[in-house]
Amino acid sequence: MSPATNPRIIDAARGVLNDFIPDVYIYNEHLKGAQSGKSPGCSLMLYTESTTDVVLSIDQLGEQQTLPEDLAKTTTHQLLDTIYGGGCVDSSHQHLVLLFMALTQNNVSSVRLGPLTPYTISFLRNIKTFLGIVFKIEVEKVDTEEPGNRRGLGSSLILSCRGVGYQNMNRKIT
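In our numbering, the protein residues as written are 1 to 174.
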């Protein structure tokens, strides 16, 4: 990859994000040869931290023929869609949070998510099949006209369940 690729990605991503917030910080890292695993393409990872300490992230790999500007715009729009969803977990990590909730001690856990991905939906079916855990799903509509709306603009889902109480039997007890 050319060293000029990183500035092109940053400029395109900043061009989309600056329409929403002026203080956008994007850092870059250019690796070549063996450091990059001899990868012929490029990638972009964006993350954001809210005023309530919620961190959302999106990453995407660009193929060899992908223009850096196209990679930046699609990744940036995915991040904005995730923010719009109003959840506390980005779409690529929804299933992990739900797995930890299902395996936890015999307590009720809950989490706020944006729209569920198809992978998360099939993962919920697998949790029901293998662990017998059924999640309670509540849709929380957020009024877009409400002043001070801090949780995104769309509606979010609140998923809750009671864990199975999984314990690691190989762990030494002191």
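For glycine and all other residues, C-beta sits at the position ideal for the given N, C-alpha and C.
Practice task
Reducing DSSP to helix, strand and coil, say where Tyr-166 ends up.
Solution key: Along the sequence shown, read from residue 1 onward, the residue named residue 166 stands at position 166. Three-state result, Tyr-166: coil.
Exercise for the section: Let me know if Met-101 comes out buried or exposed under the rule of 16 or more other beta-carbons within 10 Å of its beta-carbon. Expected result: On the sequence shown, residue 101 is found 101 positions in, with the first residue counted as 1. Its Cβ being crowded by 16 or more others within 10 Å, Met-101 is buried.
Problem - Separation of Met-169 from Val-134, as counted between CA atoms - result: Residue 134 sits at position 134 when you count from the first residue of the sequence shown. Residue 169 sits at position 169 when you count from the first residue of the sequence shown. Spanning the two alpha carbons is a distance of roughly 25 Å.
Exercise for the section: For the segment 29-89, list the alpha helix (DSSP H) runs that are entirely contained and at least 4 residues long, ordered along the chain. Expected result: 68-85
Handout entry: Distance, Cys-42 Cα to Asp-70 Cα
Key = Here the question's residue 70 lines up with position 70 in the sequence shown. Here the question's residue 42 lines up with position 42 in the sequence shown. Spanning the two alpha carbons is a distance of roughly 11 Å.
Exercise for the section: Have a look at Cys-161 and Gln-60 and give me their C-alpha separation to the nearest angstrom. Expected result: The residue labelled residue 161 in the question sits at position 161 within the sequence shown. The residue labelled residue 60 in the question sits at position 60 within the sequence shown. So the alpha carbons of these two residues sit roughly 31 Å apart.
Problem - Sufficient close CB pairs (3 or more, under 8 Å) joining the segment 88-95 to the segment 14-27 - result: no
Practice task
Please determine if the segment 8-27 and the segment 66-85 are in contact, where contact requires at least 3 C-beta pairs separated by less than 8 Å.
Solution key: yes
Problem - Beta carbon of Gly-62 nearer than 8 Å to that of Asn-106 - result: Your numbering for residue 62 matches position 62 in the sequence shown. Your numbering for residue 106 matches position 106 in the sequence shown. Contact flag unset, no.
Problem - Bridge partners - Lys-136, DSSP secondary structure assignment - result: Taking the first residue of the sequence shown as position 1, residue 136 is located at position 136. Looking at the DSSP assignment, Lys-136 forms a beta bridge with Ser-160.
Handout entry: Boundaries of the beta strand (DSSP E) in which Arg-112 is found, first to last residue
Key = The residue you call residue 112 lines up with position 112 of the sequence shown. 108-113 is the span of the beta strand (DSSP E), which, as asked, contains Arg-112.
Practice task
Just mark His-93 as buried or exposed, buried being the case when its beta carbon has 16 or more other beta carbons within 10 Å.
Solution key: The residue labelled residue 93 in the question sits at position 93 within the sequence shown. By the neighbour-count rule (16 or more Cβ atoms within 10 Å), His-93 is not buried but exposed.
Practice task
Please work out which residues of its chain come closer than 7 Å, Cβ to Cβ, to Asn-18, disregarding the five sequence neighbours upstream and downstream, and give them in chain order.
Solution key: Numbered from 1 along the sequence shown, position 18 holds the residue referred to as residue 18. Hits under 7 Å: Val-24.
Exercise for the section: Specify the secondary structure class of Asp-11 as computed by DSSP and reduced to three states. Expected result: Numbered from 1 along the sequence shown, position 11 holds the residue referred to as residue 11. In this structure, Asp-11 counts as helix in the three-state DSSP scheme.
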